[in-house]
Amino acid sequence: MASIHLNDVSVDFVLYQGSARSLKKTLLRSSTSGALKHDAHHRITVKALSNLNLRLEHGDRVGLIGGNGAGKTTLLRVLAGVYEPTAGRIRVEGRVTPLFDLGLGLDMDASGYDNIRMRAAYFGIDGDEIESKMDDIAAFTELGDYLDLPVRTYSAGMTLRLAFAAATAVDPEILLMDEWIAVSDTQFLEKAQRRAEGFVSRSSIMVVASHVDDVLKRLCNKALWLERGGAVRIGPVDEVLAAYHKHNAGGEAAPRDGDE
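Below is the structure:
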């Protein structure tokens with residue numbers, strides 16, 4: 002059964018040596034909400050996640066909310082194994098499917114069909130399984146004979162169709178998304194939305210970062226409000242969104258869990 006457990010997880014990024022000019026420090030401190038620190042080696046660091054605790058189990062659909070720099074993207078990348086925690090422990094059980102950049106990793110010189118196979122291998126899908134799904138993927142792209150051609154011959158819209166179809170062909174256990182999938186092709190949009198929602202429904206756990214309330218309410222049963230890399234509140238999506246918007250409207254400091 003898929004699960005995610007984070008215990009006091011922190012992530013620090015080194016920005017520059019402590020001897021850097023004071024103007025640079027001042028500007029960075031203002032842009033990172035005062036999160037700059039000195040580490041034991043006298044380097045300037047920014048704390049992207051701070052003592053974060055999180056337990057997710059089968060059926061959890063979690064929306065990440067918070068302003069720019071709150072830690073949403075960092076958390077997603079920690080869950081995906083892209084970033085290692087500086088402190089704390091993380092345990093992820095289940096196959097992780099990160100959808101951060103649909104076009105990332107496409108081989109422009111390979112055919113559409115070969116890119117589908119390579120994307121499947123990246124997500125841990127064996128050859129027989131992806132071949133059994135190939136006709137469905139090809140039909141969804143509506144690319145026809147172009148699938149035999151190198152991707153560099155595709156338009157931007159065609160490339161997106163290919164990447165989207167390949168990414169959503171898998172059955173994810175843990176699905177991670179940085180913003181809801183957007184498709185600019187209006188003729189393709191409704192079809193893509195239906196496929197994406199079916200893709201989400203097949204996952205055991207989903208974590209998505211979004212600034213769009215309608216997306217969070219439609220897809221999620223929980224929300225995690227992050228501020229300065231820490232958890233402010235986690236709970237039913239409607240309740241957390243209401244508290245978040247009330248906080249933003251009033252301009253008061255965000256309470257951390259347990260402070261209310």
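Taking our numbering, the leading residue of the sequence shown gets 2, the next gets one more, and so forth. Every residue gets a Cβ at the ideal spot worked out from N, C-alpha and C, and that includes glycine.
Check                                                                                                                                                                 : Outcome
Does T27 pass the burial test, meaning 16 or more other C-beta atoms within 10 Å, or should it be called exposed?                                                     : In this predicted model, T27 has a pLDDT of only 49, less than 50, meaning its place in the structure is not dependable; the value taken from the coordinates is given anyway. Answer is exposed; the Cβ neighbour count stays below 16.
What would DSSP say about V209, mapped onto helix, strand or coil?                                                                                                    : strand
Using the three-state DSSP reduction, which class does F165 fall into: helix, strand or coil?                                                                         : helix
Assess contact between the segment 58-74 and the segment 223-243, defined as three or more Cβ pairs (one per stretch) separated by less than 8 Å. Is contact present? : yes
Compute the Euclidean distance between the alpha carbons of D127 and F101, then round it to the nearest angstrom.                                                     : 22 Å
Suppose you measure from the CA of A210 to the CA of T98; what does that come to, to the nearest Å?                                                                   : 15 Å
Can you name the start and end residues of the beta strand (DSSP E) that E85 belongs to?                                                                              : Note, E85: premise wrong, no beta strand (DSSP E); not H, not E.
DSSP on D110, reduced to helix/strand/coil?                                                                                                                           : coil
Do you know offhand how far R229's Cα is from R56's?                                                                                                                  : 20 Å
Please state whether DSSP places L242 in a helix, a strand or coil.                                                                                                   : helix
If I follow the unbroken beta strand (DSSP E) through D136, where does it start and stop?                                                                             : Premise fails: D136 lies in the alpha helix (DSSP H), 128-142, not in any beta strand (DSSP E).
Measuring CA to CA, which of K247, V15, E85 is closest to L7?                                                                                                         : E85
Strictly by DSSP, which residues pair up with V93?                                                                                                                    : I5
In terms of DSSP beta bridges, what is F14 paired with?                                                                                                               : V47
How about the segment 193-205 and the segment 44-54: do they share at least three Cβ pairs that are nearer than 8 Å?                                                  : no
Per DSSP, what are the beta-bridge partners of E235 in this structure?                                                                                                : One point to set straight first is that residue 235 is Ile, not Glu, in the sequence displayed. I235 is bridged to L225.
With DSSP as the reference, label L105 as helix, strand or coil.                                                                                                      : coil
Kindly indicate the opening and closing residues of the beta strand (DSSP E) around D179.                                                                             : 175-179
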